[in-house]
Amino acid sequence: GGAYRTTRHPYKLNFQFGSLVQRLTNFEINKSPFLFVPISEIVGGSYDTDYLCDVIGLLTGVGQEREITNQNGSTTKLNVIELEKDGYELI
Numbered sequence: 360g361g362a363y364r365t366t367r368h369p370y371k372l373n374f375q376f377g378s379l380v381q382r383l384t385n386f387e388i389n390k391s392p393f394l395f396v397p398i399s400e401i402v403g404g405s406y407d408t409d410y411l412c413d414v415i416g417l418l419t420g421v422g423q424e425r426e427i428t429n430q431n432g433s434t435t436k437l438n439v440i441e442l443e444k445d446g447y448e449l450i
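The numbering of the sequence shown is my numbering, which starts it at 360 and goes up by one.
In structure tokens:
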């Protein structure tokens with residue numbers, strides 16, 4: 360449940376323990392599911408960082424995996440990556 364959305368997509372998928380996912384035969388995607396955001400918008404601060412986005416760039420670095428503690432006390436693993444596109448660098 361919950362109302363938290365990490366994307367702007369109108370639908371939310373909720374997988375339960377007993378959920379079953381199967382491959383469809385004869386299925387075509389006519390429109391790209393990606394909504395690419397220029398790195399310049401992210402670096403420049405004009406993108407709403409409350410939402411996830413799709414980016415394309417050159418992976419220029421990978422940091423060490425680390426664990427952070429969230430506000431509610433649970434922990435999350437993360438790995439910082441560096442991307443470069445059109446002279447902009449995103450870390």
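Ideal Cβ placement from N, Cα and C applies to all residues, glycine included.
Report the CB separation of residue i from residue j in whole angstroms; it is logged as a contact under 8 angstroms.
i	j	result
Ile-427	Thr-434	7 angstroms
Leu-437	Thr-365	Actually they do not touch by this definition, with Cβ atoms about 15 angstroms apart.
Gly-422	Val-439	4 angstroms
Flag this pair as yes or no: are the beta carbons of residue i and residue j separated by less than 8 angstroms?
i	j	result
Leu-409	Phe-393	Leu is not the amino acid found at residue 409; the sequence shown has Asp there. No. Outside cutoff.
Ile-401	Gly-416	no
Could you pull the DSSP bridge partners for residue i from this structure?
i	result
Ile-440	Val-421
Glu-426	Lys-436
Tyr-447	Lys-444
Phe-393	Answer is none; Phe-393 lacks a bridge partner.
Asp-413	Phe-395
Touching by the beta-carbon criterion (3+ pairs, under 8 angstroms), the segment 372 to 384 and the segment 401 to 408: Cβ pair count under 8 angstroms is below three, so no.
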